[in-house]
Amino acid sequence: MPRYYLNFRNFSHSVHDDEGTEFANLYAAVQGAVRSAAEIGMGQLARGNSGGGVIAVLDERNEPVFTLTASMGIDWHITPLQLNSLTA
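When we follow our numbering, the leftmost residue of the sequence shown carries the number 188, and every step to the right adds one.
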């Protein structure tokens with residue numbers, strides 16, 4: 188099975204994938220990158236940060252295959268006073 192490397196970066200840090208992951212095919216690698224982006228974004232939102240970043244996917248020859256760009260955020264439609272009453 189082909190091995191792909193999923194390197195993540197956002198505004199504050201980057202993580203270089205030294206081990207890589209074997210995927211059955213390119214479509215499976217895309218699915219893996221999407222799952223990783225969702226997990227990272229949800230973790231950032233849970234800490235109160237806007238979620239997002241870029242996952243650059245490389246093949247076994249260290250050649251770029253695709254880049255996934257993801258963004259998650261919360262757009263509040265209530266006032267700060269209403270928000271405070273929900274969290275109190």
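Glycine is no exception: its CB is placed at the ideal position from the N, C-alpha and C atoms.
Nonlocal neighbours in the same chain, by C-beta distance under 6 Å from residue i, ignoring five residues either side
| i | result |
| --- | --- |
| G260 | S237 |
| S258 | G239 |
| E209 | M188, R190 |
Neighbourhood of residue i by C-beta, 7 Å cutoff - its chain only, sequence neighbours within 5 removed
| i | result |
| --- | --- |
| R196 | G240, V241 |
| E247 | P189, R190 |
| D204 | Y192, L193, N194 |
Proximity winner among the options, relative to residue i (alpha-carbon distances)
| i | options | result |
| --- | --- | --- |
| Q256 | R190, N194, M188, P189 | Rather than Gln, the amino acid found at residue 256 in this sequence is Thr. The residue with the shortest Cα to Cα distance from T256 is N194. |
| W263 | G228, G235, E206 | G235 |
Cutoff 8 Å; reference residue i; Cβ partners in own chain excluding five residues on either side
| i | result |
| --- | --- |
| G230 | G238 |
Residue burial classification, residue i (beta-carbon count within 10 angstroms, cutoff 16)
| i | result |
| --- | --- |
| A225 | exposed |
| A243 | buried |
| S223 | buried |
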